[in-house]
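The next block holds one structure in the form of structure tokens; read it before the comments.
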Amino acid sequence: EAQVTQNPRYLITVTGKKLTVTCSQNMNHEYMSWYRQDPGLGLRQIYYSMNVEVTDKGDVPEGYKVSRKEKRNFPLILESPSPNQTSLYFCASSPQQPSDSYEQYFGPGTRLTVT
Amino acid sequence: QKEVEQDPGPLSVPEGAIVSLNCTYSNSAFQYFMWYRQYSRKGPELLMYTYSSGNKEDGRFTAQVDKSSKYISLFIRDSQPSDSATYLCAMSRTGTASKLTFGTGTRLQVTL
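Residue numbers (the numbering used here), protein chains in the order written: chain A, 91 to 205; chain B, 2 to 113.
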């Protein structure tokens with residue numbers, strides 16, 4: 091089954107404790123992206139990657155890091171989480187070449203709470 | 002001012018009603034327009050997309066884009082309880098493999 095998976099789905103942590111949210115896709119997509127979703131603000135892009143070893147900032151990159159060492163994986167790293175990073179996080183992927191649907195495939199989300 | 006504005010709702014309609022969901026935007030560079038549906042505790046999934054101005058129909062769903070007014074709409078005919086979800090409009094400048102700018106989403110509840 092074609093899918094984007096994220097782990098963990100739920101995480102409660104404390105301020106300053108480094109964490110990583112993993113994202114993996116099995117569709118051989120070049121493009122991957124991280125979004126956060128907050129009430130009243132919608133989905134905002136954090137980082138994106140056009141291919142292996144190619145990453146760039148989105149709209150809200152502060153406090154986050156990413157890496158793209160393999161095509162299928164795109165982990166999101168919070169080196170020193172703070173309460174304002176409490177949010178619902180989504181990973182997404184899409185093919186690089188033009189397609190009929192222009193669809194981005196989203197993972198199931200990771201709900202992060204930083205106390 | 003946000004690039005994309007969307008009424009958050011909630012919108013409650015009886016089963017069988019016609020639903021109209023709308024977004025306005027300010028950036029004239031947007032060329033690709035999408036509607037995503039998000040069920041509770043799930044990731045968004047693509048429902049409809051259109052390129053530039055015009056209409057597109059898919060079953061009970063019709064997407065409209067009016068670039069001159071910077072206004073997009075999604076119509077749902079014969080709404081069903083299974084349509085209850087949050088609907089997110091999204092748009093981009095360059096189509097596939099590109100940054101999407103989302104509206105905040107409209108929560109729709111279709112009641113029996």
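C-beta: ideal position from N, C-alpha, C; glycine also.
Per-residue contacts from residue i into chain B (C-beta, under 7 Å)
i: A/G148; result: K100
i: A/E193; result: L47
i: A/P198; result: K43, G44
i: A/Y138; result: K100
Beta-carbon spacing of residue i, residue j below 9 Å
i: B/L75; j: B/P45; result: no
i: A/Q135; j: A/D149; result: yes
i: B/F31; j: B/R94; result: yes
i: A/C113; j: A/L166; result: yes
i: A/M140; j: A/Y195; result: no
i: A/G132; j: B/G60; result: no
i: B/K68; j: B/S83; result: no
i: A/G199; j: A/Q115; result: no
i: A/Y138; j: A/M122; result: yes
i: B/G106; j: B/Q7; result: yes
i: A/F180; j: A/Y125; result: yes
i: A/E143; j: A/R158; result: yes
Alpha-carbon spacing of residue i relative to residue j, whole angstroms
i: B/P15; j: B/Q81; result: 8 Å
i: A/T205; j: B/S41; result: 24 Å
i: A/L202; j: B/W36; result: 26 Å
i: A/A92; j: A/A182; result: 12 Å
i: B/E4; j: B/S29; result: 10 Å
i: A/P151; j: A/T105; result: 18 Å
i: B/Q110; j: B/L12; result: 6 Å
i: B/L101; j: B/L22; result: 19 Å
i: B/K57; j: A/P173; result: 42 Å
i: B/I73; j: A/E193; result: 18 Å
i: A/T176; j: B/A18; result: 37 Å
i: B/G10; j: A/G197; result: 25 Å
i: A/P185; j: A/E120; result: 6 Å
i: A/G153; j: B/R78; result: 43 Å
i: A/L178; j: B/S70; result: 32 Å
i: B/M92; j: A/G130; result: 18 Å
i: B/V20; j: B/A64; result: 12 Å
i: B/C117; j: B/V66; result: Chain B is shown from 2 up to 113; residue 117 of chain B falls before or after that span and cannot be answered.
i: A/K107; j: B/L47; result: 35 Å
i: B/K43; j: A/P171; result: 24 Å
i: A/T145; j: A/V156; result: 8 Å
Beta bridge counterpart(s) of residue i as assigned by DSSP
i: B/P15; result: B/T112
i: B/T63; result: B/E58, B/F76
i: A/T200; result: A/Y179
i: A/Y125; result: A/Q135, A/F180
i: B/Q7; result: B/C24
Chain A residues whose Cβ lies nearer than 9 Å to that of residue i
i: B/L89; result: G132, L133
i: B/G106; result: Q127, G132, L133
Cross-chain neighbours of residue i in chain B, by beta carbon under 9 Å
i: A/P98; result: Result: empty, since nearest Cβ-Cβ is about 14 Å, beyond 9 Å.
i: A/F180; result: G44, P45
Beta-carbon neighbours of residue i, restricted to chain A and to distances below 7 Å
i: B/F103; result: G132, L133
Below-9 Å beta-carbon distance, residue i vs any chain C residue
i: A/S177; result: Among the protein chains in the structure shown, which are A and B, there is no chain C.
key: Residues of the stretch 39-59 of chain B whose Cβ lies closer than 9 Å to any Cβ of chain A, in chain order   = Q39, R42, K43, G44, P45, E46, L47, Y50, Y52
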